[in-house]
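Residue 1 is where the sequence shown starts when you use full-length UniProt numbering, and the numbers rise one by one after that. Beta carbons are placed, not taken as given, at the ideal position from N, Cα and C, and that holds for glycine. What you are looking at is a predicted structure, and each value in this text was computed from that prediction instead of being measured. Input: a single structure, listed below in structure tokens.
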Amino acid sequence: MTGYSSKNDVATANGKQNGSGNQTVENGSKPTAFTPQGNHASSENNIQCSLTSDEFRAVNLMRQDMYPYEVIQEIADFIVKGSGIRPKIGIICGSGLGSLADIIQNPKVFEYEKIPNFPVSTVEGHAGRLVVGTLEGANVMAMQGRFHFYEGYPLAKCSMPVRVMKLCGVEYLFATNAAGGINPKYAVGDIMLMHDHVNMLGFAGNSPLQGPNDPRFGPRFPALVNSYNKDLINKAIEISKTMGIESSVHVGVYSCLGGPTYETIAELKALRMMGVDAVGMSTVHEVITARHCDMKVFAFSLITNKCSTEYSDKKDDEASHDEVMAVAKNRQKTCCELVSRLVAEIQKTA
Ligand SMILES: O=P(O)(O)O[C@@H]1C[C@H](O)[C@@H](CO)O1
Ligand SMILES: Nc1nc2[nH]cnc2c(=O)[nH]1
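The following block contains the structure:
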């Protein structure tokens, strides 16, 4: 084979590691060494890590994934007391779909950084606010900004807000996302109602339920068949007919990869062979957490880009977050209408 070369260069994020493993840091502060036990020491004979003590503490906080029931209860109490509302429906806004929270009436807004023990959003298109209020007469709470594995958060932390929703009183989770369409019949701007998922992070041994199980949330070994509520899917199909968009609404299988990279062609081919229709970087761990604590789940993907399984040199064929955001902005009105009409249906039968 020609045209392919592999060099043994080793680089760090700041590009300063040399072949001998010696490291320097950009800002001149002294690197901190850490032991495999996790306590960081300044001894030079341990594994070296180019973090200052402050950076190390920040990373540690980010990776904290144990949220005892009592801590989640405290967060839930903070939100219920602060808003004066006990929400029944929880909405998670996907990339660029923050407007789903803007349609909430009499909103009480909580910035994530002001909520005790809450993580912060780091991704463009995820504002980082919890909005509590009413929609179509129903009490709702919406996450305007979710947490992703690729941001550095463990899965349990990414989906911790779902447990907060549960303890606030939420019975229904509406999870939305932006996703790449692998099914060749899907077009950009279409909506895929999720009826199942392939948990690629789970295949790799990662779960939001890893670690000790607290039975106050749910069982050690929850079943996931029928995770996506069929009645809600059918109601959404009926609503799509009345909205005149049924030809661009599909029912399909979503898969979550770790990101932040978009997929290679070989990965897309593999996913297609596995029966995946749309691929993204979220939602699955939230659904698992919601089902564990017995919430009813409705989820949909907005198809923001087509994932071709053919090799191409065209730059236009590459996925980009700008495209994802632009398509989501274009389709936000339709997504908002679908969500509010479904909320109205739930409220009607309450
Ligand atoms: O939060 P979602 O799943 O809607 O966002 C998707 C996945 C990545 O965060 C981002 C990639 O463009 O969009
Ligand atoms: N993994 C993944 N996530 C996305 N989010 C929006 N589009 C995509 C995509 O093509 N792949």
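Beta-carbon proximity list for residue i, same chain, < 7 Å, skipping 5 on both sides
| i | result |
| --- | --- |
| lysine 30 | With a pLDDT of only 39 at lysine 30, under 50, the local geometry of the prediction cannot be trusted, and the value read off the model is given with reservation. Excluding residues within five positions, none has a Cβ falling inside 7 Å. |
| glycine 38 | Low confidence applies to glycine 38: its pLDDT is 38, below 50, so where it sits in the model is not reliable enough to give any reading. |
| serine 308 | Asp317 |
| phenylalanine 229 | The question names phenylalanine, yet the displayed sequence has asparagine at residue 229. The residues are Lys296, Val297, Phe298. |
| lysine 269 | Thr309 |
| isoleucine 346 | Ile89, Ala138, Tyr172 |
| valine 71 | Asn117 |
| aspartate 65 | Pro154, Ala156, Lys157 |
Cβ-heavy atom distance, residue i to ligand 1, below 7 Å
| i | result |
| --- | --- |
| histidine 321 | yes |
| glycine 94 | yes |
| serine 121 | no |
| serine 282 | yes |
| glycine 259 | yes |
| valine 324 | yes |
| histidine 250 | no |
| arginine 146 | yes |
Beta carbon of residue i nearer than 8 Å to that of residue j
| i | j | result |
| --- | --- | --- |
| leucine 193 | alanine 142 | no |
| leucine 130 | isoleucine 79 | yes |
| serine 207 | arginine 291 | no |
| tyrosine 153 | proline 119 | yes |
| leucine 271 | isoleucine 182 | yes |
| alanine 76 | leucine 167 | yes |
| alanine 328 | serine 95 | yes |
| lysine 314 | valine 188 | no |
| glycine 169 | arginine 86 | yes |
| histidine 197 | valine 284 | yes |
| glutamine 105 | glycine 82 | no |
| glycine 180 | cysteine 293 | no |
| glycine 84 | tyrosine 112 | no |
| isoleucine 103 | serine 340 | yes |
For residue i: DSSP bridge partner residues
| i | result |
| --- | --- |
| threonine 134 | Gln105, Asn139 |
| phenylalanine 298 | Phe174 |
| asparagine 305 | Gly180 |
| alanine 278 | Gly181, Tyr254 |
| isoleucine 89 | Val140, Tyr172 |
| arginine 129 | Glu111, Gln144 |
| tyrosine 228 | Val297 |
| isoleucine 191 | Val249, Leu302 |
| valine 198 | Ser255 |
Within-8 Å CB hit, residue i to chain C
| i | result |
| --- | --- |
| valine 327 | As a matter of chain content, chain C is missing from the structure shown, which is built from one protein chain. |
Sequence-distant residues of its chain with Cβ nearer than 8 Å to residue i (five each side left out)
| i | result |
| --- | --- |
| glycine 28 | In this prediction, glycine 28 has a pLDDT of 36, which is less than 50 and means its spatial position is unreliable; nothing more can be read from the coordinates. |
| glutamate 310 | Ile265 |
| glutamate 337 | Met243 |
| leucine 342 | Phe174, Leu232, Lys235, Ala236, Ile239, Phe298 |
| leucine 201 | Phe149, Leu155, Ser207, Cys256, Leu257, Gly258, Val284, His285 |
Residue burial classification, residue i (beta-carbon count within 10 angstroms, cutoff 16)
| i | result |
| --- | --- |
| alanine 204 | exposed |
| threonine 349 | exposed |
| glutamate 318 | exposed |
| aspartate 163 | Strictly speaking, residue 163 in this sequence is arginine, with aspartate absent from that position. Burial call: buried. |
| asparagine 139 | buried |
| glutamate 263 | buried |
| residue 352 | The question about residue 352 has no answer here: the residues shown for the chain are numbered 1 through 350. |
| threonine 289 | buried |
| aspartate 190 | buried |
| glycine 19 | Confidence at glycine 19 is low in this model, with a pLDDT of 32, below 50, so its placement is unreliable and the value that follows should be read with caution. Under this definition glycine 19 is an exposed residue. |
| serine 53 | exposed |
| proline 107 | buried |
| arginine 331 | buried |
| glutamine 210 | exposed |
| glycine 275 | exposed |
| cysteine 335 | buried |
| tyrosine 254 | buried |
| valine 225 | exposed |
| valine 59 | exposed |
Check: residue i C-beta below 7 Å from any heavy atom of ligand 2
| i | result |
| --- | --- |
| valine 198 | no |
| tyrosine 262 | yes |
| alanine 178 | yes |
| asparagine 305 | yes |
| valine 279 | yes |
Cutoff 6 Å; reference residue i; Cβ partners in own chain excluding five residues on either side
| i | result |
| --- | --- |
| methionine 165 | Gly90 |
| glycine 21 | Because the pLDDT at glycine 21 is just 32, under 50, the model does not fix this residue reliably, and the value given afterwards should be weighed accordingly. If we look at glycine 21 and ignore the five residues flanking it on each side, it has no Cβ neighbours. |
| methionine 160 | Tyr67 |
| asparagine 177 | Gly94, Gly280, Ser282, Thr283, Ser301 |
| aspartate 9 | Reliability of the predicted coordinates at aspartate 9 is poor, the pLDDT of 29 falling under 50, and the value obtained from them is presented with this limitation in mind. So the list is empty, once near-sequence residues are dropped. |
| proline 260 | Tyr150 |
| phenylalanine 147 | Pro119, Tyr153, Cys158 |
| alanine 344 | Glu136 |
| valine 324 | Ser95, Ala178, Thr304 |
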